[in-house]
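Each residue of the sequence shown is one higher than the last, beginning at 6 in this note's numbering. Glycine is no exception: its CB is placed at the ideal position from the N, C-alpha and C atoms.
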Amino acid sequence: MDIVILGDPDSYYCLELQRAARGRGHVCDVYPFERLGSLLNSTAEVSAGFPDEGAAAEAKARDRRPLQTYDACLVRAMPPGSLEQVVFRMDVLWSLEAAGVRVMNPPKSLECAIDKYLTLARCRHAGIAVPDTLCCESPEQALEQFLVWGEAVVKPIFGAEGRGILHLTDAETARRVFRALHQIGAVLYLQKYIAGGGSDLRLLMLDGVPLGAMRRTATVDFRTNCSQQGVASLHVPTSAEQDLARRACEAVGVRFGGVDLIYDPEGRLYLLEVNGCPGWKAFQSVTGRNVPEAVVKWLEIPENQDLQYKPSTCAIPGNSCFGG
6 MDIVILGDPD
16 SYYCLELQRA
26 ARGRGHVCDV
36 YPFERLGSLL
46 NSTAEVSAGF
56 PDEGAAAEAK
66 ARDRRPLQTY
76 DACLVRAMPP
86 GSLEQVVFRM
96 DVLWSLEAAG
106 VRVMNPPKSL
116 ECAIDKYLTL
126 ARCRHAGIAV
136 PDTLCCESPE
146 QALEQFLVWG
156 EAVVKPIFGA
166 EGRGILHLTD
176 AETARRVFRA
186 LHQIGAVLYL
196 QKYIAGGGSD
206 LRLLMLDGVP
216 LGAMRRTATV
226 DFRTNCSQQG
236 VASLHVPTSA
246 EQDLARRACE
256 AVGVRFGGVD
266 LIYDPEGRLY
276 LLEVNGCPGW
286 KAFQSVTGRN
296 VPEAVVKWLE
306 IPENQDLQYK
316 PSTCAIPGNS
326 CFGG
């Protein structure tokens, strides 16, 4: 099988995936998103990758290999970019999927997972408990809701690894934060704060089955992300946690995903988010699972040939949408 990985060729995760694939006898190349191109002509569409300067010599020899000639494409973290750049990258993934390349995760599922609001909206529609959440463009509406809750967490609607997340506890700070975000054109995404005892859970799911779970505990501030110095420990997921994680992945459409869960002080379980390009360094260190090998083995199974995401209806009943 010929596999292409889209991501930073020098990143830990791309190198681990490449090592696992080659170790099982597959061709595996890595291309950065920034070097993608697509040629439309009278005979074919060619999506070509251009290895980065730091790539291995053997990869350079395959310069401009059409991406649709690979059997499978594994998507690692997409780098930041302008709206046009991000949309184009998603267009390339869609083109590969249309050409018969198995893209993991499917483009439509990535579009959902990247968007925190859409992820929670779809999951709520699927009957999954999520924190009380407001998404709006008006600082006044955001402040009004904050005053109802009294405490909130503000997040970038597109973001990862705990970057840009704020814990707001007083009205004046909240007012300044909402105005500042509005001035830079940001959508305001805030959630009622859930006091989870300084920890949450991450389940790593592959085709609806948990590879394992870890508890993440904050050490510096309220953020539990391991990239923000959170500490990971082994967690044995309950049947309820596994079921919620499976349903969340189904709602979003991801085959390989990191599902973050939290318990409130009353013991109620909530979905925080679904990560469509999850890391596994901390997870692997506490669970002992070889995640890259599990992903490659899953791709090898003939029954897993169809990776195309089949989206549900665009209507999301039960959401409170408003203007003014």
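- Message: Taking its Cβ as the centre, do 16 or more other Cβ atoms sit within 10 Å of residue 92, making it buried, or is it exposed?
- Response: exposed
- Item | residue 217 versus residue 79 - alpha carbon distance | 21 Å
- Expected contact under 8 Å - CB spacing of residue 206 and residue 215 to nearest Å: About 11 Å separates the two Cβ atoms, so there is no contact after all.
- Query: Which partner residues of residue 222 appear in the DSSP bridge assignment?
  - Reply: 204, 236
- Same chain, Cβ closer than 6 Å to residue 314, five either side skipped, listed in chain order: Annotation note: pLDDT 47 at residue 314 (below 50); position unreliable, coordinate value reported separately. Excluding positions up to five away in sequence, the list reads 111, 113, 114, 258.
- Kindly say whether residue 190, judged by its beta-carbon, lies nearer than 7 Å to any beta-carbon of chain B. Of the protein chains in this structure there is only one, and it is not chain B.
- Among 147, 25, 163, which one has its Cα closest to the Cα of residue 118? 163
- Item | Alpha-carbon spacing of residue 103 relative to residue 70, whole angstroms | 18 Å
- Query: Buried or exposed: where does residue 73 fall if 16 or more other Cβ atoms within 10 Å of its Cβ makes it buried?
  - Reply: buried
- Out of 284, 285, 85, 265, which has the shortest C-alpha to C-alpha gap to residue 133? 265
- In angstroms with no decimal places, state the Cα-to-Cα distance between residue 145 and residue 179. 10 Å
- Tell me, to the nearest whole angstrom, how far the beta carbon of residue 22 is from that of residue 297; I am working on the premise that it is less than 8 Å. 5 Å
- Would you mind working out which of 201, 171, 101, 262 sits nearest residue 272, comparing C-alpha positions? 201
- Item | Where residue 11 sits in the DSSP three-state scheme | strand
- Following the continuous beta strand (DSSP E) through residue 44, name the residue where it begins and the one where it ends. 42-45
- Query: Mapping DSSP to helix, strand and coil, what is residue 199?
  - Reply: coil
- Query: For the alpha helix (DSSP H) that residue 18 lies in, which residues bound it at each end?
  - Reply: 17-28
- Shortest alpha-carbon distance to residue 75 belongs to which of 106, 87, 98, 263? 106
- Task: Could you check what DSSP says for residue 282 in three-state terms: helix, strand or coil?
- Result: coil
- Which residue comes first and which comes last in the alpha helix (DSSP H) that contains residue 122? 121-130
- Nearest CA to the CA of residue 127: which residue from 33, 97, 261, 252? 252
- Query: Which term fits residue 152, buried or exposed, when burial requires 16 or more other beta carbons within 10 angstroms of its beta carbon?
  - Reply: exposed
- Message: Relative to the C-alpha of residue 262, which candidate in 305, 192, 138, 211 has its C-alpha closest?
- Response: 211
- Buried versus exposed call for residue 185 [16 or more other C-beta atoms within 10 Å across all chains shown]: exposed
- Message: Using only CA atoms, which one of 196, 14, 182, 101 lies nearest to residue 150?
- Response: 196
- Task: Let me know the secondary structure DSSP gives residue 6 once reduced to three states.
- Result: coil
- Query: Within 10 angstroms of its Cβ, does residue 306 collect 16 or more other Cβ (buried), or is it exposed?
  - Reply: exposed
- Item | Inter-residue Cα distance where the pair is residue 204 and residue 223 | 6 Å
- Can you check whether the CB of residue 277 is closer than 7 Å to the CB of residue 268? no
- residue 83 by DSSP, collapsed to three states: which one? coil
- Task: Indicate the three-state DSSP secondary structure (helix, strand or coil) for residue 364 in the structure shown.
- Result: Any property of residue 364 remains undetermined from this structure, which presents the chain solely from 6 to 329.
- Mind checking residue 46: buried by the 16 CB within 10 Å criterion, or exposed? exposed
- Item | Cβ neighbours of residue 289 in the same chain (closer than 6 Å, five flanking residues each side left out) | 296
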